[in-house]
Amino acid sequence: MKLVSGHLSKRRVFGKLIILTGLTFIGGLIFTSIAKEGNEGKPVSPVFKEFHDCVRSNLAHLKGNYDKFWHLFTILTKGCDDLEVYKALDIRTAKNQDEIKYVAIPHQDEHLTMVTLGIGHDVNAELELREQYPNIEFFGADPVSDINKDLYVNILGGNYFEYAVSGTSGMQKSRVYEREGYEEKTTKHIGVHNFFKNVLHKDRIDILWIDIEQNEYPILEQLHSDGLIDRAGVKICQINVELHKDLFEPKSDSEMIKFHDFVWKLLEDKKYIMMKPYYVKEVKNGNKWIVVTSINYPTDDVMRLAAIPDWNLVVVGDTKTPKDWELPNVHFLSVDYQKNMSFSLISSLPYKSYTRKNIGYLYAISHGAEWIYDTDDDNKPYGQGLKQFQYEETVSGVRYQAKSFEEANNSTGIIKRLFNPYQFYGVDQMWPRGFPLENIEKHSNVLGQQTLCYQMPRPAVQQGLVHHDPDVDAIYRLLHANPKTGLDIKFNEFAPPIILSVGTYSPWNSQNTLFHKSAFHTLFLPTTVSFRTTDIWRSFISQKILHLSGLTVSFVPTNAVQFRNAHDYLKDFKDEKSVYEDSGRFLEFLHSWNCKNGPVLENCMNQLAEDLVENNFWRNEDAKLMMMFLSDLKLLGFEFPEILKGEYVEPYLASANETERNVNCRRMNLEFELVDPRNYEQQNLQKAGQKLQYIGDLVDWCKETGYSDLLKTFPSAQQLSRQHEKSDTLQKHSKSVLVVVNNYPWNYGHGIIQRLYQPYFAAVVFCGSWYPDQVKDHDNYTSTIQPFNFIHMNPTEMRKGYSAYHCLTLAKEMGLANVQGYFLMADDAIFNIWQEIDFSTVHHSTGVVLDESDLFWDLDVGIFASRNVVKTFETSKSPGIQNAWKQFQNGLEINGNKKLAKQEMTSGKGRTYSDFFYIPNSESEYYATLMRVFFENGLYLEIAVDKFMKSVKTQESPKTVYIWNDDREKWDEKYSKTMIGFHPVKLSQFQQPGKNRTRYCRSILQIWADVMFSGSQNLRIL
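As numbered in my numbering, residues 111 to 1132 make up the sequence shown, in order.
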């Protein structure tokens, strides 16, 4: 806080400010004090009388209540700043990196002495003050000379002293500001009265700026009448003070008590007036910020946002926002506070406008934000909430781009460069607000292609989907929304995050969007377009600017829910006029736009701002405001990304090298069946109908061989739906992923597998060498069903099935959401899905039964590969790989294995059959990390799975049967409905009608039909 002491005369008036600022501490406050005229018993100036009458009456009810006094002081005293008598004071501002300092300037020119106690690597405010009033002599003290001495002496031209000025002298521990932030260390302290009198040799300090925390709190007592400073004969005319609560003792009341007692003693002394109070909230660790605007009192949704651990919430007020808006742990920017902020664009932003959010962005960035979550005060985090976003610098996952990057760039239309996230997440005939209407009918994401990448940079901007009432335009709402309750949309719960490659575009909003600091320069919301247009235009501009630097945008699964009030959709329709008319034209313009002012990105953005004016996408005010925004960013130390040199070449295309083993990005496809939101209640019924359709295909397929007994009587879809809903096992399968592996390039059989399994799982993914031109669709009954999901592994990677276990790693790296677990099944295995397993633990067909086998160990995929595995684990710097190695060792010990991890890996013994197993989601991250190391070093399938199995809790299945030698010709006799798994049955032998297909229909398909469509009530065969 700031205090002013001394006398009030016609010749000189000083303002006093008390500033309590949290910074990385808890709590903060600002106010100003000015000294009364004369001593006790003498007439009191009208300034002091009005001040005391105002403040005392406002604070009286809190006397003795330290906690409320601390937190409500600013609210209760801020109104006293408007006293008429204060207009005689010449109060000016000086801004540093963290806050605004207030200074009362003399009416006559005279020499002033200013002292800064705690420089903190920042003399911007002192420099600004010197510009306003040059006749000042500066003295500064800070226990850390590094940086501070150079700033104060060489930059400011002041006098520097290497002291921690506090209540007493001696060597003491204190919090000091070093290059890397605050640290606790022992420093040389000197009492403040001693410093003024015997070091500075000053009897009068005109301006004092000081931080108060820990050891400095005794200084407050010395400011009172008859305090040590007063007794030393030192007059202090005005003081700007920052008061901090103890970072290490957040529950301590010590500082609040001292502050409470100090203020009341100050009022009793009638020595100071106090002005400009301001409370700064705690800044939580982690550099993560949430920005919203609000014109309402704190809503339940805002309270939820404020309670999210490690996230700071800033609420930007407007003229309609209640002036007494208050919520603990929230950085509320009132209109009055905004006026005193240093950002250049503030005075030009319109009031009663959503775009005042721009102030919140800059505020968060000025406080060290590295992540900004852009949302609204009626949005609720849902499911994993903000944890759904990706924060690691490098990520694995799905990437989408135009079908051909060159074709998309050269195309005259934008349709091939568009991505509809709602389609990807499983909703039919729905589009996000801002999607070009002229492209809706003909557009499909199928026009593009997907790649699965092991390592790629995380996206700079991530848009989360919103459950229940997502962001769509008024046209969609007018057609589909309930007039009273709005929409009720449920996106596919399993779809993963998807990154859009450079050159691909999709609109996104400001309601559930995460910005990394690499995209902060694209945060600006334009003001000269409508409320329903501003964030869409921002999204288009952002994508273009990010693409110049090779940065990307992604969509992530549902992580918020919104219940909107049904309102006048026709009004929204009118507000969205520009979106309907200009979105396509805007994207065409942006994609073809070239920067002529490179290679500095800021210059390019300034050029684009002006070009948008010339092309009537916004008005000149926005061009100026965006330039101001960028200028403010620079002043805050923001570093613009570099523009890519030369013509862009997409580095994350699917590998075309079919002999390469270490593939980073590969071909894949992942689609989910599209659901009409109007038929959500019919989904189980539709799924039952699909099951009946697929078994019907197989019935007709079997009839081609003359076998017609497969299923003579079909249940109705309603009957089948009710029956399957009763099965806990089938319900758990519906949340699991089935990965089907082929050791050789796929050409036949996948259509049969789709019809048997696809309706029962969250996703069925085919993994192996997938070449569409080699696929043999012999008939309509077993042909490929769309959507067809696959992950391509080239023949060199698969190595005739030696690396089949890598398929489950790749499936995990797709990033599917809300998955219960993953089944891996060979294409020639049979999985009786009605049989119950323990879904909470690893399930394996046989368990570790060949522990003494040395088969394959003498090959390059055996002992040589295992030694390289150990070397990788022992030398890797990756935390994930190191943790997997530790978990492997711990798992061995838990399972009673006395060998060290290295000994087990190089034992030369052990393998296990691995054509069917299940990994619960709880073990999937460990599996994927461990098995990727195994794969990269070429370890053989049965050895790799054996080692993994020994390190985890496993459920073994005696009901899984492997047949060998002559029995392989008797597969139809050996198969039973009581089994869980059965191997092998080669589907290739059923391509043509004949005896083998008849045997398959009579045995395996007949049992499936009996159990799944007309069998036992609980679908469980013991």
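Glycine is no exception: its CB is placed at the ideal position from the N, C-alpha and C atoms.
Check                                                                                                                                                        : Outcome
When the Cα atoms are used, what is the spatial distance from Phe358 to Asn602?                                                                              : Since pLDDT at Phe358 reaches only 46, below the 50 mark, its modelled position is unreliable, and no value is offered.
How is Ile136 classed by DSSP in three states: helix, strand or coil?                                                                                        : The pLDDT assigned to Ile136 is 27, lower than 50, so where the model puts this residue is not dependable; a value taken from the coordinates is nonetheless given after this. Strand, per DSSP.
Determine the DSSP secondary structure at Phe358, reduced to helix, strand or coil.                                                                          : A caution first: Phe358 carries a pLDDT of 46, below 50, which makes its placement in the model unreliable, though a value can still be read off. Coil.
Residues in its own chain within less than 6 Å of Asn619 by CB, not counting five upstream and five downstream?                                              : Asp581, Asp645
In three-state DSSP terms, what is Gly878?                                                                                                                   : strand
Of the residues Arg543, Asn1005, Lys813, Asp1056, which one's Cα is nearest the Cα of Phe966?                                                                : Asp1056
Rounded to whole angstroms, what's the CA-CA distance from Glu323 to Leu353? Just pull it up for me.                                                         : 6 Å
Give me the Cα-Cα distance between Val556 and Tyr690, rounded to the nearest whole angstrom.                                                                 : 24 Å
Going by Cα to Cα distance, which pick from Ile210, Ile201, Gln653 is closest to His217?                                                                     : Ile201
Considering only the alpha carbon of each residue, which of Pro607, Asn853, Ser986 lies closest to Gly925?                                                   : Pro607
Count the CB pairs spanning the region 982 to 1002 and the region 1051 to 1070 that are closer than 8 Å, and state whether there are at least three.         : yes
Spatial neighbours of Phe750 within its chain, please: C-beta separation below 7 Å, excluding the five flanking residues on both sides.                      : His631, Leu711, Glu712
Below 8 Å on the Cβ atoms is my contact criterion, and I expect Ile320 with Gly228 to pass it. Report the Cβ-Cβ distance as a whole number of Å.             : 6 Å
Considering only DSSP beta bridges, list what Cys563 is partnered with.                                                                                      : Gly507, Cys775
Note the first and the last residue of the continuous beta strand (DSSP E) segment covering Val401.                                                          : 398 to 403
Taking the C-alpha atoms as reference points, what is the distance between Phe529 and Asp786?                                                                : 19 Å
Have a look at Glu814, Glu907, Tyr804 and flag the residue whose alpha-carbon is nearest the alpha-carbon of Tyr854.                                         : Glu907
Taking the CB atoms as reference points, tell me whether Asn942 and Lys1084 lie closer together than 8 Å.                                                    : no
Sort out for me which residues DSSP pairs Phe248 with in a bridge.                                                                                           : Met224
Do you know offhand how far Thr595's Cα is from Asn675's?                                                                                                    : 7 Å
Are the Cβ atoms of Ala670 and Asn489 separated by less than 8 Å?                                                                                            : yes
By how many angstroms is the C-alpha of Ser1067 removed from the C-alpha of Ser955?                                                                          : 5 Å
Within 8 Å (strictly less), CB to CB, does Leu528 reach chain B?                                                                                             : Given the protein chain composition of this structure (a single chain), no chain B is represented.
Ignoring anything shorter than 4 residues or poking outside the region 552 to 630, list the alpha helix (DSSP H) runs there in chain order.                  : 584 to 590
Start and end of the alpha helix (DSSP H) containing Thr919?                                                                                                 : 916 to 923
Just to confirm, are Leu735 and Leu443 a CB contact at a threshold of 8 Å?                                                                                   : no
Return the residue from the list Glu331, Val263, Pro253 that minimises the CA-CA distance to Lys295.                                                         : Pro253
Kindly indicate which three-state DSSP category Ile320 falls into: helix, strand or coil?                                                                    : strand
Can you check which of these residues, Ala584, Leu866, Ile1053, is closest to Ile1114 by C-alpha distance?                                                   : Leu866
Quick one: what does DSSP say Arg202 is sitting in, helix, strand or coil?                                                                                   : strand
Taking the continuous beta strand (DSSP E) assigned at Cys347, which residues delimit it?                                                                    : 345 to 353
Report all residues from its chain with a CB closer than 7 Å to the CB of Ser688; omit the five preceding and five following residues, and keep chain order. : Val639, Ser640, Thr643
Could you check how far apart the C-beta atoms of Thr815 and Pro1103 are, in whole angstroms? I think they sit under 8 Å.                                    : 5 Å
In the DSSP assignment, what are the bridge partners of Phe442?                                                                                              : Val425
Do three or more CB pairs link the region 182 to 193 to the region 381 to 389 at distances below 8 Å?                                                        : yes
Give the secondary structure of Arg1021 by DSSP, where H, G and I count as helix, E and B as strand, and everything else as coil.                            : strand
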